[in-house]
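Inspection log for the structure reproduced underneath, given as structure tokens.
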DNA sequence: TATGAATGAGTCTTCATTCAT
DNA sequence: TATGAATGAAGACTCATTCAT
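Residue numbers (our numbering), protein chains in the order written: chain P, 4 to 226; chain S, 4 to 226; chain B, 4 to 226; chain Y, 4 to 226.
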């Protein structure tokens, strides 16, 4: 993710070794964080997993929290990259929107399932505002909400969805997706439902929640 | 709940004193838990708030965790009571369903806003799976999901909503509601939106997400 | 034991009530001390047993330790009374000595078995020098040792036992008796052996250990 | 026991340092346990004695109790090794038995005197059944009793001692020895008696307690 | 005489981080 | 770059005793 170092010029072997160790530590940390939670994760467990001394850890990271934040950052980047690169220019019909949402949803589901541990960490620690990393997660949520609100605005401008409180709609969508993901990827509930089916449900629900089809219920009843 | 003491006749002072102290400690604990989170909350902070000695705490509660569980239990009872006592017998039309959902939603919103700190504690600790109380919360979520799934099933049987994966629909609903509540009650985002408006949005979204109106998108587009 | 109050004149009912309560507390304490050991015994357990408030305890005793010491004192008095009132004037033959030792031994065994809990307390707490009551027990042991040493001296003067280090002999005897009693009364090991048999063994062992019959082993072997 | 490191060649400093610290902590612990007793011994006292931080203690031992058990185990091993390696094959006469008992007794006395504090700990904690380590000590006592009972049985089979309740005889012997040791090594009473004299007394007493020479007292008297 | 609510000192243990080697 | 021994702060819980009523 951050290994886009394009110049393997100067001291490659050293660097590579360093990066390998750094990555190994991060890898181990992800495992431990996912299994124990941030507070209960011990640095000693992480280094033990890699087979280095405790002190070595601090050659690569400033501390437990810094590494945790980096890991969280990686996850958030991963998610934002995945859902961020759509082509809004193409979306001119609801059918197209639906296809696009499905496409993005499937990509996201795939990514999260590929990174189960990372996902678990996010949902175990980050959804709560307790941890020391609250600001980071809060920021992420706000970024996500803004992005979605803006997206909703665009869709509305194009007549694809009806008027609504776009920011609130964004939060609803995020919550809906997050909990389903949590149940599916983290807790293993809903495992009898295929990922594609899940995406299908979410997309349909999102789309149907953005039309006024329901608004005549009252009228219809009285007629 | 315990304020059913309408006769201050016989031995009111003793009982009242005891309960008052117990309540004061719980009150203080709610404040501290909401502010610091379970792990970081210190018993010393709680008793300091009330102005009693450390030992006094243990006269009324078995320990930090027991009190926390009691608080969580209080909250969950509050929620379950609020959302649990609807009248499914009356729900024969979508309009009636909508009215009922709105009624329950408003009541719930009101209750949560009255108990901001309790709500905050729940969302701080309970959404994460980390804390020592995970089982309790997990149980709550599952109870909630089952209740909603069953509710969805009933509605479906009555022809009020369309077929869907009811359990998944339940999770989506829970997630949707929880995040909006979190933003609104806990974080204060969405504060420009009135509670009633929020409920309105959620109800509409839920209802619209349960009809097949969107299913002809593809067809409509190609026609 | 201490109720030798010979004047039931002035306020008898009050006194009797007081003594009853005092005794009840001591009784309960013996039970608790025997079951939990001094350190783990809680004043709250004692008063709970009697059904009075914590504060009441301190109306009758200065505190946990003082009561414990009193209980220990009771036990030691009991033992000293039991073994102390022999008639050394009668002991002129080894057979008489043997009969007398058996008589005292049986009486002691009987008393200890009647007061199992008291005995258990002594052996659980007092044999170790750890507790706060060490001085008391040390004193008891020394008194006992002196008494026995003196007894041995008398027997020797009368030609009933051979010369030996009387003080050491006393300690050996005490140790021998104590451990057997501990196994028998406290731990329940040796329960297949009848008390009289135990006494018989101890007496025989004591007597045989005080003659020179063994002194010719070496000579006998070489002959 | 672990000082079999005769070659300070390869990595002596590291190992030695570790062991030294471990040993220093154990040494200090023995001192503190002997002085204060297990319950009152504070880890802080132990580390203070050595001059290290509290945390350091836990690098070498799992906790206070574990170290205590290790110390107790050391003592029991010491004792069992000392008394356990006799040569029963040689014991064919009472004179030989007497020599052998004297030899073992002297060795044991020497060992206990060399390890006064260890011995004191055992007698302070272990004779009482109160401490957390009761099971360990109880086990030791039972092992000891069984070993001695078996020993008595063997001696009896060879005609060296008379019939008796071997298990009870074992307990008597243990009690006799323990109290004398306690007085001599721990309390310093009997210090005017030389160790060899003590052993002599104990051996003679044991031997004389195992013959029937006394059985004719009654008869002799009446004759 | 009785109550019992309140006190508050006392201690083991964990673990992220440092630093001398 | 690597080690890993050492650090030391931090906190929940118990229970004998007191004292106002």
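Positions of the beta carbon are idealized from the N, C-alpha and C atoms, including for glycine.
Would you please state the rounded distance, in angstroms, between the beta carbons of residue i and residue j? I believe it to be under 8 Å.
i, j, result
"residue 174 of chain P", "residue 183 of chain S", "5 Å"
"residue 75 of chain P", "residue 139 of chain P", "6 Å"
"residue 62 of chain S", "residue 100 of chain S", "49 Å between Cβ atoms; not a contact."
Do you know offhand how far residue i's Cα is from residue j's?
i, j, result
"residue 111 of chain P", "residue 70 of chain S", "40 Å"
"residue 114 of chain P", "residue 210 of chain S", "30 Å"
"residue 119 of chain B", "residue 189 of chain B", "7 Å"
"residue 79 of chain Y", "residue 32 of chain P", "45 Å"
"residue 85 of chain B", "residue 117 of chain B", "13 Å"
"residue 8 of chain S", "residue 81 of chain S", "Because residue 8 of chain S carries a pLDDT of 39, less than 50, the predicted location of this residue cannot be relied on, and the following value inherits that uncertainty. Straight-line Cα distance between these residues: approximately 20 Å."
"residue 22 of chain Y", "residue 57 of chain P", "21 Å"
"residue 195 of chain P", "residue 204 of chain S", "30 Å"
"residue 179 of chain B", "residue 98 of chain Y", "24 Å"
"residue 102 of chain P", "residue 106 of chain S", "36 Å"
"residue 68 of chain S", "residue 45 of chain Y", "28 Å"
"residue 136 of chain P", "residue 163 of chain P", "37 Å"
"residue 24 of chain B", "residue 66 of chain S", "34 Å"
"residue 176 of chain Y", "residue 149 of chain Y", "12 Å"
"residue 2 of chain Y", "residue 39 of chain P", "Look at the range of chain Y in this structure, 4 to 226, and you will see that residue 2 of chain Y is not part of it."
"residue 121 of chain P", "residue 191 of chain S", "28 Å"
"residue 87 of chain P", "residue 126 of chain P", "20 Å"
"residue 83 of chain P", "residue 55 of chain P", "33 Å"
Here's a check: name, in chain order, each residue in its chain whose Cβ is nearer than 8 Å to the Cβ of residue i, leaving out the five neighbours to either side.
i, result
"residue 161 of chain S", "94 and 95"
"residue 193 of chain B", "183, 186, 187 and 201"
"residue 73 of chain Y", "29 and 64"
"residue 152 of chain S", "169, 170, 172 and 173"
"residue 167 of chain B", "155, 159 and 213"
Less than 8 Å separating the beta-carbons of residue i and residue j?
i, j, result
"residue 104 of chain Y", "residue 64 of chain Y", "no"
"residue 60 of chain B", "residue 124 of chain B", "no"
"residue 181 of chain S", "residue 213 of chain S", "no"
"residue 142 of chain P", "residue 41 of chain P", "no"
"residue 108 of chain B", "residue 207 of chain B", "no"
Under 7 Å Cβ to Cβ from residue i, same chain only, skipping five residues before and after it: list those, please.
i, result
"residue 53 of chain S", "27, 28 and 31"
Kindly list the residues whose CB is nearer than 6 Å to the CB of residue i, restricted to its own chain and excluding five residues on each side of it in sequence; keep chain order.
i, result
"residue 48 of chain P", "35"
"residue 156 of chain P", "169"
"residue 4 of chain P", "With a pLDDT of 40 at residue 4 of chain P, under the threshold of 50, the modelled position of that residue is not reliable, and the figure given next carries that caveat. Correct list, in chain order: 77."
"residue 50 of chain S", "57 and 60"
"residue 198 of chain B", "112"
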